[in-house]
Amino acid sequence: MKRRGWYLLLSVGIVGAMLWGTEYAFSSHEEEAVTTLTNVSYDPTREFYEAYNADFAAYYKARTGKDVVIHQSHGGSGNQARAVVEGFDADIVTLALAQDVNLLQKVHLLDPNWESDLPNYSAPYTSTVVFLVRKGNPLQIHDWNDLIKPGIRLIAPDPKSSGGACWIFLAAYAYGAGTSDDDTQATKFVKQLYENVAVMDAGARAATTTFVENKQGDVLLAWENEAKQILAHYPGEYEIVMPSVSIVAEPSVAVVAEIAKKRGTYEIAYEYLSHLYEPNSQRLIAKYGFRPTDSTIMAEVANEYPMPQRMVTIRDFGGWSAAYERFFIDGALFDTIRDE
Numbered sequence: 001m002k003r004r005g006w007y008l009l010l011s012v013g014i015v016g017a018m019l020w021g022t023e024y025a026f027s028s029h030e031e032e033a034v035t036t037l038t039n040v041s042y043d044p045t046r047e048f049y050e051a052y053n054a055d056f057a058a059y060y061k062a063r064t065g066k067d068v069v070i071h072q073s074h075g076g077s078g079n080q081a082r083a084v085v086e087g088f089d090a091d092i093v094t095l096a097l098a099q100d101v102n103l104l105q106k107v108h109l110l111d112p113n114w115e116s117d118l119p120n121y122s123a124p125y126t127s128t129v130v131f132l133v134r135k136g137n138p139l140q141i142h143d144w145n146d147l148i149k150p151g152i153r154l155i156a157p158d159p160k161s162s163g164g165a166c167w168i169f170l171a172a173y174a175y176g177a178g179t180s181d182d183d184t185q186a187t188k189f190v191k192q193l194y195e196n197v198a199v200m201d202a203g204a205r206a207a208t209t210t211f212v213e214n215k216q217g218d219v220l221l222a223w224e225n226e227a228k229q230i231l232a233h234y235p236g237e238y239e240i241v242m243p244s245v246s247i248v249a250e251p252s253v254a255v256v257a258e259i260a261k262k263r264g265t266y267e268i269a270y271e272y273l274s275h276l277y278e279p280n281s282q283r284l285i286a287k288y289g290f291r292p293t294d295s296t297i298m299a300e301v302a303n304e305y306p307m308p309q310r311m312v313t314i315r316d317f318g319g320w321s322a323a324y325e326r327f328f329i330d331g332a333l334f335d336t337i338r339d340e
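Residues 1 to 340 in the UniProt record's numbering are what the sequence shown spells out, letter by letter.
What follows is the structure, encoded as structure tokens:
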């Protein structure tokens, strides 16, 4: 696909997925027998799930002789979670962080122990936070401290609507706190960082469009997998910078049990997510820039995924419930530094 078309197509977001019902309503009786699933996901998974859905449909057809069609919806992870809570019918969610999935559990759309339903806390792949700079790294951006220099223009998603943005904030906070976990120092650092954000978009893909298509900003704060996709589509135009401190970003997946059971799709939805852990699926995950959770597959591609000097996890912040209340709820630290 031509590279400009890649972004124009993917900027459609949730709308394309919501239109499938109209198309389906005019299908033949034979087509109505086809099982359909709706996967509500976050921004930078579009390309991966397009490929994975085709792979799973072929696998399922070979195993059962039956057809399955998977429809996708993409947007900022927090907004996507709220859409499902407010009535958008999803059989599956594949969101940027467990906190967003927990929003569904709080309104009883999920099994209570959804996080233990699948391996690795129901995270079949991980990513991390990187910087994307233009060819040659003209401003010599090498670590977090370079981002707070006067005049540096950052492009980033908004933690109030984007899961990836929450991971970015936490990685920055961990760098600011240092190994001594100095909260005062960390707060000062993230305040300086966000003062340099020139554009804060609702989602990670929107931030990518601002940086890549609209040519705004000097540095994009991004998911590693998103940055890798940009390098693949724009060879020679951008470079990835791995900071000294980053975070294990763990996107979470779950069957929306309340909806799937009503639709009679629970078993196939669970199989769809379980299949993500199969070796061939893990290799596909790596192909699209995510880090496989299968240690054997990860070892095969380890040279493609550099490690920072220090990699923190959400458990270093006490888990998502504690971190979200501390940093991201209305009136918490992010709001405080943004409003000053």
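Just so you know, even glycine gets a beta-carbon here, dropped at the ideal spot from N, CA and C.
With DSSP as the reference, identify every bridge partner of Ser122, one or two as the case may be.
According to DSSP, Ser122 bridges with nothing at all.
Tell me which residues share the same chain as Ala186 and place their Cβ nearer than 7 Å to its Cβ, disregarding the 5 neighbours each side in the sequence.
Tyr173, Gly176, Ala177
Report buried or exposed for Arg46, applying the criterion of at least 16 other Cβ atoms within 10 angstroms of its Cβ.
buried
Under a Cβ-count criterion, where at least 16 other Cβ atoms within 10 Å of its own Cβ denotes burial, should Ile247 be classed as buried or exposed?
buried
Once you ignore the five residues that flank Asp158 on each side, which residues in its own chain have a CB closer than 7 Å to its CB?
Ala165, Met200, Asp201, Ala202
Just how far apart, CA to CA, sit Asp117 and Phe169?
28 Å
Buried or exposed (CB count within 10 angstroms, at least 16 for buried), Phe26
With a pLDDT of only 36 at Phe26, under 50, the local geometry of the prediction cannot be trusted, and the value read off the model is given with reservation. By the 10 Å Cβ count, Phe26 comes out exposed.
How is Phe131 classed by DSSP in three states: helix, strand or coil?
strand
Could you work out which residue in Thr296, Lys149, Ile314, Gly264 is closest to Ser252 when comparing CA atoms only?
Ile314
Thr336 - DSSP class collapsed to helix/strand/coil
helix
Among Ser127, Pro44, Ala204, Gly319, which residue has its Cα nearest to the Cα of Ser161?
Ala204
Tell me which residue opens and which closes the beta strand (DSSP E) that Ala323 is part of.
No beta strand (DSSP E) holds Ala323; the alpha helix (DSSP H) holding it covers 320-327.
Please identify the residue among Val245, Ala206, Lys191, Asn196 whose C-alpha is closest to the C-alpha of Asp218.
Asn196
Select from Ile259, Trp223, Glu237 the residue whose C-alpha is nearest the C-alpha of Phe131.
Trp223
Please state whether DSSP places Pro112 in a helix, a strand or coil.
coil
Is Pro279 buried or exposed, if buried means 16 or more other CB atoms sit within 10 Å of its CB?
exposed
Can you tell me which of the three DSSP states Leu139 falls into?
coil
With 16 other Cβ atoms within 10 Å as the buried cut-off, status of Tyr125
buried
If you follow the beta strand (DSSP E) that Asn225 is in, where does it begin and where does it stop?
Segment 224-233 is the alpha helix (DSSP H) holding Asn225; no beta strand (DSSP E) there.
Between the alpha carbons of Val93 and Thr336, how many angstroms are there, rounded?
31 Å
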